[in-house]
Amino acid sequence: MIGNFITQSRPARRRAAVAGLAVLGLAAVTACGGAKVGESGSDKAGGASGKCGTFNLAINPWVGYEANAAVIAYVAENDLKCQVTKKDLKEEVAWQGFGTGEVDAVVENWGHDDLKKKYITDQKTAVAAGATGNKGVIGWFVPPWLAKEHPDITDWKNLNKYAANFKTSESGDKGQFLDGDPSFVTNDAALVKNLKLNYKVVYGGSEAALIQAFRQAEAKKSWVIGYFYAPQWFLSEVDLVKVNLPAYKAGCDADAEKVACDYPEYELDKIVSKKFADSGSPAYDLVKNFTWTNEDQNLVAKYIAEDKMTPEAAAKKWVDANRAKVDAWLKKS
Amino acid sequence: MAVAADAAAPVRATRRVSRRVVVAAIVIAWLVLFAALRGQQTLALAAADLTDLHRWFNSVNDSIGASRNSNPLFLYFFNEIRLVIDNLVTFIQSLISQPGAGRPVPVVGWLGVVALAGYVSWAFGNIRVAALAVAGFVFLGLQGLWQESMDTLALTLSAVFVSLLIGIPLGIWAGLSDRVNRAITPFLDFMQTMPTFVYLAPLTLFFLIGPASATIATLIYAAPPAIRITAHAIRSVPATTVEAAESLGSTRRQTLTKVLLPMSKRTVVMGVNQTIMAALSMVTIAALIDAPGLGKTVVKALQTLDVGVAFNAGLAIVVMAIVLDRVTTAAGDRVEAARKRGAGRFTKWRRPLLMAGGAFAAVCVWMSHTYVWAARFPGDAGVGGAIARTADSVTLWTQDTFGGLTNGTRDLITTALLNPFETLLTESPWWLVGVVLVAVGAVLGGWRAGATAAVCVALLVATGVWSDSMTTLASTAVATLIVMLLGVVAGVWMGRSPLVDRLIRPSLDAGQTMPSFVYLVPFLALFGATRFTAIIAAVVFAAPVTIKIIADGVRAVPQVTVEAATAAGSSTWQIITKVQLPMSRSALTLATNQGLIYVLSMVVVGGLVGAGALGYDVVAGFSQGQLYGKGLAAGLAIVLLGVMFDRITQAAARRTTSAPGPRQAGH
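Line by line, the protein sequences give chains A and B. In the working numbering, each residue carries its 1-based index in the first sequence increased by 333. In the working numbering, each residue carries its 1-based index in the second sequence increased by 12.
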């Protein structure tokens, strides 16, 4: 209602203003010139959408996700002529958006069984749209120099032997185990306790804190052990080495208090809003059909993070080189 | 504690000495009991554990989310608010930042915006700030951030507009009525100290994702200064003037519109200034819920730890803040000057000049509306890239050069200061720390402050995050100590030398407005993910205010007194310690108060770089559904810590100085 009021009054007001200005400035303007707005074809308005309409794509804050989203957005815009709106949101907020119609798709989801229960099972505002093809690995990592000099460190049984080396100002007389962003899925506090490790979990609080710690550790050959995950752009800069925890068996992480095994391998998947799934939009078929490998994602992530390409340019480069894969996503299922 | 308060109250001459003795006695008693009772009843709670209160917050949050499509409160209240604000923001965006109204470019292009900024600054301020505004805005374009800057400007303008729309009437009301003032003060405190992360996620629940939520998040933080300063302005109109107006038969309304409002105009302009600054400081945080603009550039750059690009965008925010600050300050001065001077002969020349300038600006706006070259900023001349590269190499150089040294400092302060203090606070039984806080509050601030402390302690226990609160309190206290040391050293230096003042002040402004997200990465490289990094980040943000207040206090010491001391043969050191610092004691107390509040406002940022405790809880609550309630409780705990210290230091300041010092509204 109010929105109409504002938009209705605007053109009239503008016309009056422009008329006034035109009289005032006529003399000054005849001297200069140049291309006029809307005159040439070079100004491509975004309004040229086909049958696809608007596609609201959430962008969760890590580069791997951005790579998925960039490629999907690029294909949706160029092949399906969708109007893609990217929204930068954290996971929790993005899932909230399914119910309110603000978000159509999340294209790299890591587990999040609590959110699945809340939004897919209980509120029924979201549906799963299949795997992305990426394998997610979560675990404990050390910088490569450390694994090279002390190869036995990759076995968790030897961690206590090295605990003293990992001591920092934050961990008292224990070794420090560095955790990252609170939105990551972690069992680390329970793992340290249940595996009887002489470590203290210190919460870095952000992915930046983790990456910076590992980057420094490799550069200065200092001791750091912490949480990390793959696929991740940083691994192409410093190839962290995974520490083997007791092997994962189905159900060994059922009780969060008693976990004493490694993280499972995650099948990363896509989640879309119920409304979007039922809309018959070709963008939904695209999201549903989209799959690629860790190598594909790492490549696009590298274009973005290290070669500093815009997500659009990075997506274009990959799509141009992998037309066959893209065509497979576009086939009607 | 009642005994302590009584003991402190009576004999006036020995009061200060005895108060000091009582505090010392309390601390000694605390240490003795700590040694005996260490590790018992500490109320520690593991990172993933929840209390019933936290679960209850979760369920409220969930039920709101589930009923938002059927609840009439949403349909007829929140949705309407959202619609109005959304339209306001989109309207301003389509004017200056986003393609709108069926055009590929905004209605007003860069040339028009620059011309308008210059003209408005000149009309309300003076020619110097107009030049600054033009230069600043052109620089934003040269940085390659024109559209992002305009998005930020659009969001800031909307938030400030709505803040003033609500804030000025409320402020006037609070200025006229003591009861209203008392009633809204706690709410304003709450709005300013509650960490934004706590209400960011719920806001998107109420107002959906988009500019409306971002604007409202900004508004909540930015409106209180406008309200407070307007109320303060109305209150500081001399009573005699009001009485004179009333005795001449003015009605209440006439007194308000003819006397109170015109006389408080200058201070109200200052409130506008503070509101703009507060709004700008929210830019990066609002980007976490998809607010458009410079904040997004900063947040995105951090994903790849790209310090250069983050710095470039941060610099744009600083430039915008400096331009807006100087323009509003100049506008305030003009209002003041005009009030004093009345209608002078300047006005005769001013009007035709203003009309000519207006016509010129209008031509520029029209051209930027019509021609492509004036609508889109032509290239960035590589300035943005050069700034980013320089910032990158400076950061690298700093990291390589100071890496070892910084770790030494960190370890020294952590082991010598932070750890003992934290151990004392977190490993004493909760009731012991509670009693100590209440007793110290009562001794320093009187029984009222003691009672406030008691309520805050009780509520802190109720939040279920007592142990985390104590950890945070330890870091906060150490950070405030460093801030005070810096404040006294730099403040005295600046207060004694106008040249030093002029040299240091710009970097203080930058420290206050540069988004903390920008320097997180270099600090992480220098100090690692530690509590110390969080302390340093807080010091960078809080020290400028403290330094400015102390500098003002030192400068306010009468020159005659200083000269008398010099004539009596005092050395510089003696003048500082025996004359200037004691005489600016009220400024020192205010500086401590503000330093502490500012440090507390950085607790959440500290949570991102390894401080853990309350900051981490809040960030975790924003990120994970099942921790939402705990995050909210942690946010409340930060507010409670803030309220407790604010009340104690304010009360202590009132008791130590009989004459009230310069009241620094709005800091």
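C-beta: ideal position from N, C-alpha, C; glycine also.
Check, Outcome
"Beta-carbon spacing of A522 (chain B), A563 (chain B) below 9 angstroms", "no"
"Strand pairing of K414 (chain A), partner residues [DSSP]", "Note: K414 (chain A) sits in no beta bridge, so no partner."
"Where A325 (chain A) falls, given that 16 or more other Cβ within 10 Å makes a residue buried", "Given a span of 334 to 666 for chain A in the structure shown, any question on residue 325 (chain A) remains unanswerable."
"Where W221 (chain B) falls, given that 16 or more other Cβ within 10 Å makes a residue buried", "Looking at the sequence provided, one finds Ile at residue 221 (chain B) rather than Trp. I221 (chain B) comes out buried."
"Residue of B:R508, B:L176 and B:L593 minimising C-alpha distance to T230 (chain B)", "B:L176"
"Min CB distance L620 (chain B) to chain A below 9 angstroms", "yes"
"C-beta atoms of V460 (chain A) and L390 (chain A) nearer than 9 angstroms", "no"
"Residue range of the beta strand (DSSP E) that includes Q509 (chain A)", "G508 to D512"
"L573 (chain A) (DSSP reduced to helix, strand or coil)", "coil"
"Bounding residues of the beta strand (DSSP E) (the contiguous stretch that carries E473 (chain A))", "First, the amino acid is wrong: residue 473 (chain A) is Trp here, not Glu. Start and end: A459 to V475."
"Outcome for S583 (chain B) when other beta-carbon atoms lying within 10 angstroms are tallied against a minimum of 16", "exposed"
"Residues near L182 (chain B) by beta carbon distance below 6 angstroms, same chain, minus five either side", "I239"
"Endpoints, alpha helix (DSSP H) assigned at E551 (chain A)", "E540 to K553"
"Extent of the continuous beta strand (DSSP E) run through V306 (chain A)", "Nothing can be reported for residue 306 (chain A), as the shown portion of chain A is limited to 334 through 666."
"Nonlocal neighbours in the same chain, by C-beta distance under 8 angstroms from S373 (chain A), ignoring five residues either side", "Any reading at S373 (chain A) must be qualified, since the residue scores a pLDDT of 48, below 50, and its modelled position is unreliable; no value is offered."
"Proximity test, Cβ basis, 9 angstroms: F634 (chain B) and chain A", "yes"
"Proximity test, Cβ basis, 9 angstroms: A680 (chain B) and chain A", "Residue coverage of chain B in this structure runs from 13 to 679, which leaves residue 680 (chain B) outside it and unanswerable."
"Residues of its chain near M482 (chain B), where Cβ-Cβ distance is below 6 angstroms and the 5 sequence neighbours each way are ignored", "L437 and T438"
"Member of B:L644, B:A649, B:A632 and B:R667 whose CA lies at the smallest distance from the CA of S516 (chain A)", "B:A632"
"Given 8 angstroms, three or more beta-carbon pairs between the region 295-303 of chain B and the region 207-217 of chain B", "yes"
"Contact set between I544 (chain A) and chain B, taken where Cβ atoms lie within less than 7 angstroms", "L317"
"Cβ-based neighbour list, V518 (chain A), same chain, cut-off 7 angstroms, excluding 5 preceding and 5 following", "W443, G444 and I471"
"Proximity test, Cβ basis, 9 angstroms: L573 (chain A) and chain B", "no"
"Rounded straight-line distance, which links the Cα of L95 (chain B) to that of N431 (chain B)", "51 angstroms"
"Neighbouring residues, chain B, relative to Q456 (chain A) (Cβ below 7 angstroms)", "A78"
"Euclidean distance between Cα positions of L626 (chain B) and P570 (chain B)", "44 angstroms"
"Chain A within 9 angstroms of A466 (chain B), Cβ atoms only", "no"
"Extent of the continuous beta strand (DSSP E) run through F561 (chain A)", "G559 to A563"
"Min CB distance D480 (chain B) to chain A below 9 angstroms", "no"
"Chain B contact for V620 (chain A) (CB, 9 angstroms cutoff)", "no"
"Short CB-CB distance (under 9 angstroms) between A665 (chain B) and chain A", "no"
"Coarse secondary structure for V439 (chain A), derived from DSSP in three states", "strand"
"Beta strand (DSSP E) segment containing D521 (chain A), residue limits", "Per DSSP, D521 (chain A) belongs to no beta strand (DSSP E); it is in the alpha helix (DSSP H), D521 to N527."
"Any 3 or more C-beta pairs closer than 8 angstroms across the region 574-588 of chain B and the region 537-556 of chain B", "no"
"Contact check, A373 (chain B) vs G153 (chain B), beta carbons under 9 angstroms", "no"
"Per-residue contacts from G397 (chain B) into chain A (C-beta, under 9 angstroms)", "What G397 (chain B) touches in chain A: nothing, since even the nearest Cβ is about 10 angstroms away."
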